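Asker: Numbering (full-length UniProt numbering), first residue to last: 1 to 108.
1. Which of the three DSSP states is assigned to residue 8 in this structure?
2. Less than 6 Å between C-beta atoms, sequence neighbours within five positions excluded: which residues of the same chain meet that for residue 42?
3. Among 8, 47 and 3, which residue has its Cα nearest to the Cα of residue 79?
4. Thinking C-beta only, is residue 81 closer than 9 Å to residue 73?
5. Give me whichever residues DSSP pairs with residue 51 in a beta bridge.
6. Name the DSSP beta bridge partners of residue 68, please?
7. Thinking C-beta only, is residue 76 closer than 9 Å to residue 30?
8. Are the beta-carbon atoms of residue 84 and residue 39 separated by less than 9 Å?
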C-alpha cells in the first residue's frame, strides 16, 4: 500500500517580533498570593464584605471572589487598601491601571 502524502507544515517565520520581558508580579508583593498569610487575609476581606464593591456602588448584587489593592501597590496589604471585587470588575480595573493585562501602561 502506498504511503500517505506528506502534510504541509509551515515553518516558523524567519524574524520574530520583539516581545517585552515578562514582569514578575509576585516579586513586588509583600505576601505572595500562594502564601497562607495571603489566603487568611483574603478570606477575612471576603468574609467582612462578600459583595463586589464596584457592582454594589452601581446598585448590582454580585458576589466578590477577588481581593484588589485599591492603590495598585501589591506591597501595601493594609485593610484600608484592600477591596472585594468580582472577577470582571477586577479584570477591568487591573487592565485600566496596567494599560492591558499585565502590560506596562502606555504613556499618551
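Ideal placement from N, C-alpha and C gives every residue a C-beta, glycine not left out. If you're wondering where the values come from, they're calculated on a predicted model, not measured in any experiment.
Answerer: To lay it out plainly:
1. coil
2. 67
3. 47
4. yes
5. When DSSP reads this structure, residue 51 sits in a beta bridge with 63.
6. 83
7. yes
8. no
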